[in-house]
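Read left to right, the sequence shown gives residues 1 to 335 (UniProt numbering). These notes concern the structure reproduced below.
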Amino acid sequence: MVLAGSLLLINSCSTPRKSEPKVKATSVVFYNVENLFDTINNQGERDFEFSPESPKKWNTERYTKKLNDIAHVLMDVDTVGKPGLIGMAEIENQSVLNDLVRTKRMAPVHYQIIHEESPDYRGIDVALLYRPDIFKEITHTVIGIHFKDDPDYHTRDILYAKLLSGKNDTIHVFVNHWPSRRGGLEKSQPKRVFVASVLRAQVDSITRLNPDAKIIIMGDMNDEPENKSLFKVLQAIPGTDGTLHSLLYQASMKGKGTYYFRGNWNMLDNLVVSHDLLTAKRGWTTVPASGKVFHEKWMEYRNKNGVMAPNRTYGGPNYYGGISDHFPVYFILHR
C-alpha cells in the first residue's frame, strides 16, 4: 500500500509550463463499462469467460459493438464538447483502451491513456483518459489496497494522476472501484470503509502540502454518498463546508441512481471534489451539486417492474447486447 506521505514527493516535483488551453468548459465523466474484455484468451489470465469458446460466446462482433456503444455514450454525455477527463472501471487491459480510443467517434480527440494492471481477482482495472489539448500528465501511480485481516482478498488499486492544465493549474485525480457488496451491504461494508480510509490519507497528504489543491475523486464505490465509507470516513459532504464535497449527494437523496437492483436505484458511482474546485478564482472550477447521471433511451431497457434501467451486455451467460449495467456520471468544469 502506498503510505499517506508518499504523494508528497510527487507534489513537490516541478511542473512543466504550458500555454493556456482555449477550451473554456469541459466535462469530467466516470463510467463503469461492465466487463470490457477483448476476445483473446490469454494464458495465465482470468479471461476465459470472455472468449469465443466460453458459454458467453464473446466474439469480435460483440466486442466491436460494445466498443462503439461505449464511445457513443462518452462522446454524447454532455453539450459542451468532448469530455476532458474520463474515468473508467471494469476494463481488462491497455489493449481494450487502445481499441476504444481508436473508434470512429473517439479517434479525432486523440485521448491519452493512464492505466496500470491491478491484482483484482476478476482481472479488471480502472483507467483514466484525458484530452491532450487541455491536460498534460505530470505523473501517475497506483495505491494498492491490502487487507490485513483478509490478505488473500485482491481488489482494484486506486489510480492516482497528477495533471497540468495551462501554465499552473494542477489537478489531482483519483479513479476508484471499491469492493463489491457481495455477501450483503453490512457484511461487505468494512472493506469499503478501509479503502475510504486509505484514500482519505492520500487526500490529506496532498492538502497538507497545499490546502488549496484541486482534487477530483471519481469511481464506482459500491456505496452511496450517504453511506459510512463516503460520508463519515472519506468525509465527502454536500455543500461547501469541509475539504471534500460530494457532487451527487443531493441527487442520491432524491432517489436518483446509476445502478438498479431489486427495485431500487443506487448511486454507486460517485463524484467528489475538493473545496478549491468550488471556490477557485482562477483556472478550472465547478459548482456544488453539479453531478449528473447521464442516460438516454438507447442505453436503457424496460425491466419487469416497468422501470427504464441500464441495458447490460450480459446477464449470466445470456447476451442482451446492451452497453453496461451502470449509467455514467459527470460534471462540468468551467474556466
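Don't be surprised by glycine CBs; every beta carbon is placed ideally from N, CA and C.
Indicate the three-state DSSP secondary structure (helix, strand or coil) for residue i in the structure shown.
i	result
tryptophan 265	strand
methionine 75	helix
lysine 18	Per-residue confidence for lysine 18 stands at a pLDDT of 49, beneath the threshold of 50, marking its modelled position as unreliable; the derived number appears in the next sentence. Lysine 18: coil per DSSP, three-state reduction.
leucine 9	Note that leucine 9 scores 42 on pLDDT, short of 50, meaning its location in the model is unreliable and no value can be drawn from it.
valine 203	helix
alanine 213	coil
leucine 3	Reliability fails at leucine 3, whose pLDDT of 42 lies under 50, so the model's placement of it is uncertain and the value that follows must be treated cautiously. Of the three classes helix, strand and coil, the one that applies to leucine 3 here is coil, per DSSP.
tyrosine 63	helix
valine 29	strand
glutamate 34	strand
isoleucine 332	strand
glutamine 112	strand
isoleucine 70	helix
tyrosine 320	coil
glutamate 224	coil
leucine 244	strand
tyrosine 314	strand
tyrosine 130	strand
leucine 234	coil
asparagine 42	coil
valine 195	helix
residue 352	Nothing can be reported for residue 352, as the shown portion of the chain is limited to 1 through 335.
aspartate 47	coil
glutamate 186	helix
aspartate 99	helix
tyrosine 153	coil
arginine 208	helix
methionine 106	coil
aspartate 54	Checking the displayed sequence, the identity of residue 54 turns out to be serine instead of aspartate. Looking at serine 54 - three-state DSSP - the assignment turns out to be coil, as it is neither helix nor strand.
serine 229	helix
serine 252	helix
Please state whether the Cβ-Cβ distance between residue i and residue j is less than 9 Å.
i	j	result
serine 157	isoleucine 138	Residue identity check: residue 157 is aspartate in the sequence provided, not serine. Going by C-beta atoms, aspartate 157 is not nearer than 9 Å to isoleucine 138.
histidine 172	lysine 104	no
phenylalanine 331	valine 273	yes
glutamate 117	asparagine 98	no
alanine 251	valine 293	yes
glycine 87	phenylalanine 147	no
tyrosine 111	valine 96	no
threonine 240	proline 190	no
leucine 247	valine 175	no
isoleucine 217	leucine 271	yes
glutamine 202	isoleucine 114	no
threonine 285	arginine 335	yes
proline 225	proline 238	yes
Considering only residues of the same chain and omitting the five flanking positions on each side of residue i, which have a CB-CB separation below 8 Å?
i	result
threonine 15	Legend: pLDDT at threonine 15 = 44, less than 50; position of this residue unreliable, no value from coordinates given.
glycine 84	Val23, Thr26, Ser27, Val28, Tyr130, Arg131, Ile134, Phe135, Leu333
tyrosine 260	Asn266, Asn303, Val307, Ala309, Pro310
lysine 18	Model confidence at lysine 18 stands at a pLDDT of 49, short of 50, so the residue's coordinates are unreliable; what they give is reported in the following sentence. Excluding sequence neighbours, lysine 18 sits near Lys136, Leu164, Ser165, Gly166, Lys167.
serine 51	Thr39, Ile40, Asn41, Trp58
valine 80	Ala25, Thr26, Ser27, Ile332
lysine 56	Glu49, Phe50, Tyr314, Pro317, Tyr319
lysine 297	Met308
Can you give me the Cβ contacts of residue i inside the same chain, cut-off strictly under 7 Å, excluding the 5 residues immediately before and after it?
i	result
valine 233	Val193, Ala196, Ser197, Arg200
aspartate 69	Ile323
aspartate 47	Phe37, Asn41, Glu92, Gly123
methionine 75	Lys82, Arg105, Met106
threonine 207	Ala213, Thr243
lysine 256	Trp265, Met267, Val293
lysine 228	Gln189, Val193
histidine 72	Arg105
aspartate 78	Ser27, Tyr330, Ile332
asparagine 32	Ala89, Glu90, Asp220, Asp269, Ser324, His326
Tell me which residues share the same chain as residue i and place their Cβ nearer than 6 Å to its Cβ, disregarding the 5 neighbours each side in the sequence.
i	result
glutamate 61	none
tyrosine 319	none
asparagine 35	Glu90
glycine 316	none
histidine 177	Ala89, Val126, Arg156, Gly219, Asp220
glutamine 119	Note that residue 119 corresponds to proline in the displayed sequence, not to glutamine. The residues are His154.
serine 180	Asn222
In the DSSP output, what is residue i paired with across the bridge?
i	result
methionine 218	Val175, Leu271
lysine 162	Thr139, His172
aspartate 125	Ile91
phenylalanine 327	DSSP lists no partner for phenylalanine 327.
leucine 85	Val28, Tyr130
Please determine whether the Cβ atom of residue i lies at a distance below 8 Å from any heavy atom of the ligand MG.
i	result
proline 190	Absent from the structure shown: the ligand MG. Ligands present: none.
Which runs of the beta strand (DSSP E) fall wholly inside the region 256-310 and span at least 3 residues, in chain order?
-> 259-261, 264-266, 269-274, 300-302, 308-310
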